[in-house]
Amino acid sequence: MTDSWTVLKVLRWTTEYLKEKGIENPRLDAELLIGSALDKDRVGLYLCYDQPLHSDELAAIRQLVTRRASREPLQYILGQTEFWSLPFKVVPGVLIPRGDTEILVEEALRILQQQGDAPDGGVTGSVLDVGTGSGAIAVAIAHSCPELAVVALDISPAALELAQGNAELNGVRERLRFCRQDMAHLDGCCDDGHAVNDGRLRLIVSNPPYISRAEMAELMPEVKDHEPHLALEAGEDGLDCYRLLCAQALRCLQPGGWLVVEVGATQAASVRQLMEQSGLEQLFQRDDYSGIARVVGGCAPATNSAEVEVEK
Ligand SMILES: C[S@@+](CC[C@H](N)C(=O)[O-])C[C@H]1O[C@@H](n2cnc3c(N)ncnc32)[C@H](O)[C@@H]1O
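Just so you know, we're using the working numbering here: the sequence shown kicks off at 110 and counts up by one.
Have a look at this one:
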């Protein structure tokens, strides 16, 4: 690139370059990267196609394009993404929220709406987001339910720091509690000394790691080489986290409370089985927009046997 290059010429060159490097949407990525370097949105970029670029602008573009050509995810380079039509900051080391996960949020909100909030001893209590990552699910739910308290749990300090920033960014910080804990110990305490839950959760929602060891090798370079494996891999068959969540669900949920999880493309039947074995009822699943089962849920019995045990 030389400094006689215009925005349009650089855009065309970058699009071709990214295409050669195997990038899926080269034109869109080129527009967003060049726009970011020049501090312009896509419309602003169209409006200055004929503008010649200075050497410092070309250097800034080159730096971003080189990162993308090495298959670093676009969102890490831009430092932001959108989820549930809300802005989220993203940083390397924390999973980028995916559009598919909005289906999990939709199901969580449907359940919360069904439960209602009866003043005569009906549903109260909070929601627990296990493996909150960027805070996408917890923030989206809190944003949609202005009265609700949400506990956002993760084992990763980097994730919790980012999730707190995203809660602030979206105006829900005061209704979220952030908890560093291993999902194997949902009956334990968070860093702040408070219990993760009081055994009366109305909803546990989770998009846990669910990639099997064999599948890890087949992931796209953007995911395999740049996103945290802690957020992706879940043992030999990818079901380890579901086993943990199902084993603890009845102890944490109030009677009639729900466990709702995102699942991998081939995992719905196995996760349903785990839920059934753990005593959850009214199992359901929901497909994504390509017809793949993406969310599985189950409900604690109206008389929660785990609770009866404690009362004896
Ligand atoms: C697939 S990511 C989901 C992130 C976010 N909820 C979303 O949907 O974009 C899974 C998250 O679980 C967290 N995690 C992995 N193992 C964990 C464990 N044993 N206990 C708690 N969190 C864990 C990871 O740090 C990661 O943030």
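Glycine included, C-beta positions come from ideal geometry on N, C-alpha and C.
- Around the beta carbon of residue 350, 16 or more other beta carbons lie within 10 angstroms, which makes this residue buried.
- With a cutoff of 7 angstroms, residue 210 counts as near ligand 1, since its C-beta is closer than that to a heavy atom of the ligand.
- Less than 8 angstroms divides the Cβ of residue 196 from the Cβ of residue 278.
- Proximity of the beta carbon of residue 186 to ligand 1 is not indicated: no heavy atom of the ligand is located closer than 7 angstroms.
- The nearest non-hydrogen atom of ligand 1 is 7 angstroms or more from the C-beta of residue 329.
- Taking 8 angstroms as the cut-off, the beta carbon of residue 348 is found no closer than this to the beta carbon of residue 394.
- Cα atoms of residue 312 and residue 381: separation of roughly 17 angstroms, rounded to the nearest angstrom.
- Rounded to whole angstroms, residue 211 and residue 317 show a C-alpha spacing of 14 angstroms.
- The beta carbon of residue 221 sits closer than 8 angstroms to those of 236, 250, 254, 257, 311 and 312, all from its chain and outside the five residues before and after it, given in chain order.
- Just so you know, the alpha carbons of residue 214 and residue 305 end up roughly 21 angstroms apart.
- Here residue 246 is buried. Its C-beta has 16 or more other C-beta atoms within 10 Å.
- Under DSSP, the beta-bridge partners assigned to residue 405 are 370 and 394.
- Residue 335 and residue 172 have their C-alpha atoms spaced approximately 17 angstroms apart.
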